[in-house]
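Asks: Next up is a structure, given as structure tokens.
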Amino acid sequence: MKKLLLAAVALVLAGCSTSATSPSEPPEMPEPAPVTQQTLQELREEFGLPDCPATDADVAAVDGGLPQTALPCLGTDES
0 MKKLLLAAVA LVLAGCSTSA TSPSEPPEMP EPAPVTQQTL QELREEFGLP DCPATDADVA
60 AVDGGLPQTA LPCLGTDES
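Counting along the sequence shown from 1, when you hit position 24 you're at 23 in numbering that gives the first Met the number 0, and nothing is skipped either side.
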């Protein structure tokens, strides 16, 4: 009977211990790779992507959220 009680107490205490596999804080994220305007220009030329077209900042928002769209460009060299 005494062994059963000791086993039950050990089981309860083991259930109360913290897990070694759960981190207390999220892992540190690596720094992003440096990207320059020249790098983007070289990538656009290498893959044949056109400059992004100019957009109208005064266009009204779409009801219900963003419209479905495709992104056929990768930035622009224009300022």
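The C-beta atom is built at its ideal place from N, Cα and C for all residues, glycine as well.
Quick one: what's got a C-beta closer than 8 Å to P49's C-beta in the same chain, skipping five residues either side?
Replies: Residue numbering aside, residue 49 sits at position 50 when the sequence shown is read from its first letter. Once the five neighbours on either side are set aside, the close Cβ partners of P49 are R43, P71, C72.
Asks: Taking 8 Å as the limit between beta carbons, can you name the residues of its chain near E27, skipping five residues before and five after?
Replies: For the purposes of this step, residue 27 is taken as residue 28 along the sequence shown, with counting starting at 1. Excluding positions up to five away in sequence, the list is empty.
Asks: For E30, which three-state DSSP category applies?
Replies: For the purposes of this step, residue 30 is taken as residue 31 along the sequence shown, with counting starting at 1. It is coil, neither helix nor strand.
Asks: Using three-state DSSP, classify E41 as helix, strand or coil.
Replies: Here residue 41 is taken as the residue at index 42 of the sequence shown, counted from 1. Note: E41 maps to helix in three-state DSSP.
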